[in-house]
Amino acid sequence: MRRQLILTAICLVFTAGFIAADSEIPQRPEELVYGSIEWNIPDADALRTELSNGIPVYAMRDGQFPLVSIAVYFRGGRYLVPVGQEGLHTIADEVWRTGGAGELTASELDEELDFLAAILSTNIGDVTGSVSLNVLSKDLEAAMALMMDVLTKPRFQEDRFAKAKDDLIQGMKTRNDNTASIEGREWSRLIYGDEFFLNRLPTQASVDAITSRQAKDFATSLIRADNIIVAVSGDFDEAAIKVLLERTIGTLPKLDAPLPAIPQPDHNPEPGVYVVNKEDVNQGRVSYGHIGYRLGDPDQFALLVGNDILGGGGFTARMMKTIRSDEGLAYGAYSSLGFPTTYPGTFRASFQSKSSTCAYAAKLGYDIIGEMRADKVTEEELTVSRNQFVETFPKSFSSAAQTVSIFALDELLGRPHDYWVDYRDKVSAVDADAVLEAFKTRIHPEKMIVLVVGNIAEIMTGHPDHEADFTEFGPVTKLPLRDPMTLEPIVE
Amino acid sequence: MNLRRMSTVAGFVALILLTGLVADANEANVPVTEVTLDNGMKLLLVERHDSPRVAAGWIAHVGSVNEESGVTGIAHLFEHMMFKGTETIGTTDFEAEMEIMAELDAVRAEMEIEYTALREAKRRGDVQGNIYLPENQTPRLAELREKMKKLQEAQREYIVNNEYDKIYTNQGATSLNAGTSSDITVYFVDVPANKLELWFWMESDRLLNAVFREFYSERDVVREERRMRVESDPTAKYDEQFDFMFWGSVPYHHPTIGWPSDVESINRAQAQAFFDTFYAPNNITAALVGDFSSEEAIELAKKYLGRIPAGQTPPPEIITEEIEQLQERRMTATADTNPSVKIRWHAVPFVHQDRYALDVLTAVLNGRTGRLYKAMVEEQTLATGQPYAGFDSFKYAGQFEVGTDLADGVTHEQAEAALLAEIEKLKSEPVSERELAKVKNKELANSFRRLQSNFYLMFQLLIYDVLGNWDFINTSPAKIQAVTADDVMRVANKYFRDEGRNFLSYFRKEGAEEDPEIAALSGQAKSMAKQTITQINQITDPAEIQGLLSQIEAMKGQAPPEFQGALDLIVERAQERLAALAEGTGEEE
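For the record, the sequence lines run as chains A and B. Adding 32 to a residue's 1-based position in the first sequence gives its number in the working numbering. Reminder that position 353 of the second sequence reads as 351 in the working numbering, one-by-one numbering, no gaps.
Right, dumping it as structure tokens:
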């Protein structure tokens, strides 16, 4: 062993605030005096080792409960699905674990895992995925053997494969049943375009075209020494786990054929208002925004703080204050601005309101975005937002499982561990000028897409007491509902 | 998405119950320090020093079950009001606000007179629909509403909006939220370890000095919440009615979010009375889980929470018991959803000794190695997804349910029969030793899994304390361990009576799914075919269809090739319609 696998991880110095019990209760909470917390991020390098086949392992012990977790993270996912086989990653994901493995039929494998009380699950996401195990530490050896069978010898048994296909088809039938799913689907299409991999959705024809062999190959091709990173946490014996990992995951072969690059969106949507009619609801769903930015963007932290003040911060944000608290127009009004590592995210504001007040609430939101681009945010808003990010930061690393998972994904996605080390300093450095500048240059109301789903006739009629009209935001285009099985427009 | 003021936390109660089974009591023991303050408030403390945070919460032993007719939804609306600040928080001038709020209440009382008249007019049939709709507004109401709006604007001058949130957020607290269900109302937040005193300050302040400002606009927010969760959801509105059908006398029959008529009429005085009755410290349990010293926490609790005066009278007891169901009941709903069935029986309240056997029974049915999946997916292809069994035990009553989505071509009757066959098997044969052992193994592992998150542990302690006692988390394992195959058979026979069954069947709404033959067409041809076929199906006079048919025959020769398929389909459907009319099966639309 070249390096001690497990090192003491969390360096945590906690000084409790001293409280005198007989002191007066202050008039306002701002008068309370607190002790300090000194908390440092666990050292990623200290948690990292490599197996003899080169697979990196992040491991962190936590002996509070007699459970152990092993997660195998891999690159690859939905973006690798060939055109015409949409749905392949979903079916591969489902049958990988449920279709039997090694010597065991599907129901034998289910039974073995259940009897061990082990949770073994797979997840094939958009650009990465994982196979993970959680089990009582006493049963680790037995469960690990089953996990290896699933990783390397899945059976993709035909009856379970047929069942997974059928479940996917049944799920597709519900695509137009509620406004939220229509909104999610159309929003993504409008922002990223139909051709982007996130919008290549399964249809009856694409699901019919998938074979169990393709599903099996899709899953197993990702499990190779040059494509995976392992995260281990919980109650394990350091020496024993090293041996166990070497004997199992350490034997996976390398293929050294890099995966294709993750595609980038190439779409310039026409700004304006897009409406989808669903008559039998009394509340409309409204989203507006435009394509956003990737992790590491120079304006990331200014946009992060600014968005928190605009609508990301929930009850402390301007959108919630105006649209919900002052006006009572919506249960929730938010904005979001994510920074994915591998492709640009979106800037999106959204709310739901009774049909007659959708336009008015949208106008209020537009005005708030305009204010963010015209005037500096207040020092109070800045302080609340920055404090929130800085003070809650340790929560991301509050368990061994979270910590090793973050570090494993960093390495998998090429996100430097330093991102976390500098995070709080970068948030703290954001000032009102930076937020204003970022909103002026990176948030573009004139490029926004407005998507409205609901009873369009009622929504367009508006409310006598609240003057507003969606045509103020651009030309109105009616989007057809799509046939749930073909995704072709339903002609009315 | 923010959960704030969710209308029901039945979700996490259910989650807890699913994992609420442990095989070895001695292993997964939670060391809880329990303290009762002089005013009757109970405090539960669990120290854990692995992350510099504290999960902090308190629960009022009240939910929608405690509501009376006319104010349904008040427990939940009240929960929203607890975030509106206090005499100190959320205001620049509380005295000035008091005056305005008194005026607002007076205007509201005058409006109530108008609404009373409108309700009467509606009973007579002089007014149609919801009395709160703009079109039913009387001139006097419009005047009063205008007055109210002015007062609200005047009050807004003094309101520091969402300051309660802002103070917590500024100090690094997260997850500030609350939830209401039929039995409980829980308020929670996650604070940095060095700021525990802030939690005591803030929570004791709102329990002592809460001000229900912005009452009437918050009521509108709750109406929007109901539209979002119930009225604009394809199935929630039917599920609500199924619950209403299921519960007889026990007050679980109304939804936690409240009936629309009630939510729109609740006033501030009613909320104050509700608070005085149900939010006395002797009706509250608080819990802290995380990085703190119990000794210090107890001192802070005495100092801050101890100053809240004990309630004068205990909250009224729920006297009404569930009436025995004499005959099976059935509800059929047609909605935008895949076809499904569920069957529900009355079961037992949370503290009942039969609950452990029902927990084991439920686990025997559930999961991919459970009996329902084996029977309905592997042996017969009846179900889509995974069929399920669920046992929900509330404070005063309980329910047990099985259900499934249907595979294509399977009838509701077939699925119901298969579900009932599994229930009958539980009544007539003991479950196998292997099944019992498997369930107990799973629950042993889950007994540790459920303790891993501080926040989740805090919820469990609080919710168990309302439903029974927090120590359920430590006492239930041995009880589960003791369940035998005979116990499972005994409870199956006791609770799954034929006359106690309640069925809910969902059918997919016609037209929600497109005619596959029309779907196969494209472009203008498709649109033309769809419109014409819809028209044809509405015609009741065979002669009219005959006329249409001859028109199509005449057109067909000149139509472009891409329309030929569509025309063939129209002819086919028109002939079908003719045949149907001839047999007298044509339906009037």
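Every residue, glycine too, gets a C-beta built ideally from N, C-alpha and C.
Between the CA atoms of residue j and residue i - distance to the nearest angstrom
| i | j | result |
| --- | --- | --- |
| A:Pro512 | B:Ile534 | 23 Å |
| B:Trp197 | A:Glu62 | 12 Å |
| B:Lys438 | B:Gly55 | 31 Å |
| B:Val28 | A:Leu519 | 52 Å |
| B:Ile568 | B:Ile531 | 6 Å |
| B:Leu194 | B:Met39 | 18 Å |
| B:Thr332 | B:Pro258 | 22 Å |
| A:Gly282 | A:Glu126 | 25 Å |
| A:Pro507 | B:Leu75 | 39 Å |
| B:Ala21 | A:Glu311 | Legend: pLDDT at B:Ala21 = 36, less than 50; position of this residue unreliable, value from coordinates given subsequently. If I take the Cα positions, the gap works out to 52 Å. |
| B:Pro249 | B:Arg488 | 28 Å |
| A:Glu443 | A:Val459 | 23 Å |
| B:Val358 | B:Gln458 | 19 Å |
| A:Met480 | A:Ile341 | 19 Å |
| B:Pro307 | B:His78 | 23 Å |
| B:Leu363 | B:Glu420 | 8 Å |
| B:Arg571 | B:Pro559 | 20 Å |
| A:Val307 | B:Asp237 | 29 Å |
| B:Met493 | B:Phe470 | Position check: residue 493 of chain B holds Tyr in this sequence, whereas Met was assumed. Their backbone Cα atoms lie some 23 Å apart in a straight line. |
| B:Phe240 | B:Met329 | 7 Å |
Nearest neighbour of residue i, chosen from the options [CA to CA]
| i | options | result |
| --- | --- | --- |
| A:Arg192 | B:Lys507, B:Phe272, B:Glu574, B:Val375 | B:Val375 |
| A:Gly397 | A:Gln315, A:Tyr366, A:Gly360, A:Asn419 | A:Tyr366 |
| A:Leu233 | A:Ile475, A:Glu173, A:Thr122, A:Thr160 | A:Thr122 |
| B:Trp199 | A:Arg60, A:Lys170, A:Lys248 | A:Arg60 |
| B:Gln562 | B:Ala572, B:Gln573, B:Ile550 | B:Ile550 |
| B:Ala191 | A:Gly266, A:Ser164, A:Glu70, A:Asn231 | A:Glu70 |
| B:Glu293 | B:Phe505, B:Ala578, B:Leu41 | B:Leu41 |
| A:Ser220 | A:Phe502, A:Phe379, A:Gln434 | A:Phe379 |
| B:Phe242 | B:Asp231, B:Gly256, B:Leu465 | B:Gly256 |
Nearest-angstrom Cβ-Cβ length linking residue i and residue j, presumed shorter than 8 Å
| i | j | result |
| --- | --- | --- |
| B:Arg117 | B:Ile129 | 6 Å |
| A:Met404 | A:Gly344 | Actually they are not in contact, since the Cβ atoms of A:Met404 and A:Gly344 sit about 12 Å apart, beyond 8 Å. |
| A:Ser385 | A:Gly316 | 6 Å |
| B:Val184 | B:Arg221 | B:Val184 to B:Arg221, Cβ: 23 Å. No contact. |
| A:Leu165 | A:Ala175 | 6 Å |
Buried versus exposed call for residue i [16 or more other C-beta atoms within 10 Å across all chains shown]
| i | result |
| --- | --- |
| B:Asp218 | buried |
| B:Gly123 | exposed |
| A:Asn210 | buried |
| B:Ile317 | exposed |
| A:Glu504 | exposed |
| B:Pro132 | exposed |
| A:Gln117 | buried |
| B:Asn168 | buried |
| B:Gly401 | buried |
| B:Gln397 | buried |
| B:His47 | exposed |
| B:Glu411 | exposed |
| B:Thr70 | buried |
| B:Asn589 | Given that chain B is displayed from residue -1 to residue 587, the structure contains no residue 589 of chain B and the question cannot be resolved. |
| B:Ala580 | exposed |
| B:Asn175 | buried |
| B:Glu216 | buried |
Residues that residue i bridges to, as DSSP identifies them
| i | result |
| --- | --- |
| A:Trp219 | Its beta-bridge partners do not exist; DSSP assigns none. |
| B:Ile87 | B:Ile87 is not bridged to any residue. |
| A:Ile261 | A:Tyr105 |
| A:Ile323 | A:Thr378 |
| A:His495 | A:His498 |
| A:Lys386 | A:Gln315 |
| A:Leu483 | A:Tyr306, A:Ser319 |
| A:Gln202 | Answer by DSSP bridge pairing: none, since A:Gln202 is not bridged. |
Closer than 8 Å: residue i CB and nearest the ligand GDP heavy atom
| i | result |
| --- | --- |
| A:Ser139 | Of the ligands one can find in the structure shown there are none, so the ligand GDP has no counterpart to examine. |
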